[in-house]
Structure formats: structure tokens, C-alpha cells
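*Asks:* Numbering (my numbering), first residue to last: 147 to 390. Cβ atoms here follow ideal geometry from the backbone N, Cα and C, with glycine treated the same way. Small disclaimer: the values here were computed from a predicted structure and weren't measured.
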Ligand SMILES: [Mg+2]
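1) Using only CA atoms, which one of 191, 205, 175 and 173 lies nearest to residue 386?
2) Excluding the five sequence neighbours on either side, which residues of its own chain have a C-beta within less than 7 Å of the C-beta of residue 203, listed in chain order?
3) Out of 341, 306, 365 and 303, which has the shortest C-alpha to C-alpha gap to residue 332?
4) If you measure between the beta carbons of residue 298 and residue 279, is that distance less than 9 Å?
5) Using a Cβ cut-off of 9 Å (strictly closer), state whether residue 175 contacts chain D.
6) Would you call the segment 316-331 in contact with the segment 165-174, where contact means no fewer than 3 C-beta pairs closer than 8 Å?
7) Let me check one thing: in DSSP terms, what residues is residue 367 bridge-paired to?
8) Taking C-alpha atoms, which residue in 178, 253 and 174 lies nearest to residue 303?
9) Sorted by chain position, which residues of the same chain lie with C-beta nearer than 8 Å to residue 238's C-beta, five sequence neighbours on each side aside?
10) Hey, would you say residue 235 sits closer than 9 Å to residue 342, going by beta carbons?
11) Considering Cα atoms alone, identify which of 207, 285, 370 and 159 is closest to residue 338.
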């Protein structure tokens with residue numbers, strides 16, 4: 147499998163199935179897709195499958211993407227469905243015990259900065275729990291300025307690693323830790339989805355902003371070809387390269 151570290155390196159025209167992370171890749175964090183991105187993706191969709199793989203819930207992905215993709219892999223792929231037919235392929239929920247382990251880990255993480263709304267930090271989405279260090283609905287500029295080089299979150303996890311046989315954590319979005327069942331991450335679910343669709347893995351590419359070690363896209367490395375982007379602007383360039 148190939149990994150393209152920048153969009154300039156992307157030199158293949160063979161892709162039929164294009165997987166995208168959402169926040170930081172197709173849209174800004176928890177923001178609505180731009181008209182420009184929408185029009186390029188509509189073009190891409192004419193000859194390609196467009197799949198969104200996000201930590202967000204179905205409702206949020208629908209809202210942020212204007213329901214343009216063909217398939218949604220919500221909550222890191224643990225809730226998979228065909229948006230056109232409405233068919234649900236699978237939904238894997240966290241157990242009560244797993245949720246407790248996650249909440250215990252969140253409680254361990256120290257916080258030394260103010261937050262606007264204490265009740266906006268933890269979202270239990272069913273298959274995934276996401277902990278925003280600043281608030282899920284905090285102002286997007288504030289969120290983008292909070293940890294742009296991911297260092298705060300990397301340091302927190304280095305100092306307070308999650309040791310568990312049942313759950314795992316990744317850095318996602320702009321301020322977030324994404325917790326899922328151990329092994330039930332984006333990489334695993336992309337692979338399961340490709341098998342279910344009987345697609346040729348060589349014709350699949352995954353585009354994301356967090357393919358670095360510890361990022362919530364990193365488990366897709368080695369599953370199919372991957373492209374690291376810095377944000378939606380580079381994603382636009384990549385899509386234009388993939389459209390033939
Ligand atoms: Mg992202």
C-alpha cells in the first residue's frame with residue numbers, strides 16, 4: 147500500500163472508491179461543507195464512490211456534508227450505511243463496562259485551561275465516546291487555535307496512556323479524543339466495508355488529516371492507499387487530481 151505524505155506526491159489515477167475523513171479533511175471542525183467542496187465532490191461522485199469515515203454521528207455527518215456521499219461510516223466506521231437506500235450494514239455499540247473504562251480514563255486527564263460549557267465536553271455517541279478538551283460546540287476558530295500541532299493531546303496521552311484490553315483512544319478533530327472498542331477503529335472498518343462491497347482494495351484511497359501516529363486516521367495506513375492532507379484546501383487539490 148502507498149502512503150502519500152503530501153498532495154503533491156499523489157500521482158495515481160486508478161482510484162474508484164474514495165474514502166474521506168470529515169472534520170479537518172472535507173470540512174472544518176464541526177462546520178458545514180463549503181459550496182466549492184460540494185461541487186467538486188458532486189463531480190467526483192459521477193464516476194467514483196464517495197465514502198465519509200468520521201467519528202461523528204449519522205445526524206452530524208448528514209448536517210455537515212449536505213448528504214452528498216454514497217456511503218457513511220459513522221463513529222469511526224462502527225455504524226455503516228448506504229445513504230441512498232438507507233440500508234444499515236452494521237452498528238456496533240460500546241458496552242456499559244467499556245463506557246466505564248473510557249469515562250475513568252477521561253477523569254484521569256488533567257485540564258488547566260478554562261472551558262465555556264462543562265456539559266459540552268463528553269459526547270456518548272453509542273459506538274464511540276468523544277471527549278473535547280474545549281467543548282464540542284465551542285467557536286471553530288478557538289478550537290482550531292487550541293492545539294493546531296496536536297502537541298497538547300499527544301503529551302496528555304503520553305503522560306496518561308490508556309492501558310486496556312477492551313477500548314482504545316485516538317486523537318481526532320481539533321480538540322478531541324475519540325474512544326472506541328479495541329480494534330474497532332477506522333482502519334478495521336474500512337477494510338470490512340471494502341470486503342462487504344467486494345471492491346478491489348487497490349482501487350481505494352483514504353484521505354485524512356490525522357494519518358500521523360496516534361491520529362484517528364492512522365489505523366487506515368496499510369489497509370489501502372492513503373493521503374495526508376493539511377485541511378480542506380489540500381483535499382480540493384487531491385479530488386481534482388483523482389477526477390479524470
Ligand atoms: Mg480529521
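*Replies:* Once the coordinates are examined:
1) Cα-wise, what sits closest to residue 386 is 191.
2) Non-local C-beta neighbours of residue 203 in its own chain, meaning closer than 7 Å and more than five positions away in sequence, comprise 220, 221 and 271, ordered along the chain.
3) Answer by Cα proximity: 365.
4) Contact: yes.
5) In the structure shown, chain D does not exist; there is a single protein chain.
6) At 8 Å Cβ cutoff, the stretches touch.
7) According to DSSP, residue 367 bridges with 370.
8) Residue 253 is the option with its Cα nearest to residue 303.
9) Within its own chain, the residues whose Cβ lies closer than 8 Å to the Cβ of residue 238, once the five positions on either side in sequence are excluded, are 224, 225, 273, 327 and 330, listed in chain order.
10) Taking 9 Å as the Cβ cut-off, residue 235 and residue 342 qualify as a contacting pair.
11) Of 207, 285, 370 and 159, the residue nearest in Cα terms is 370.
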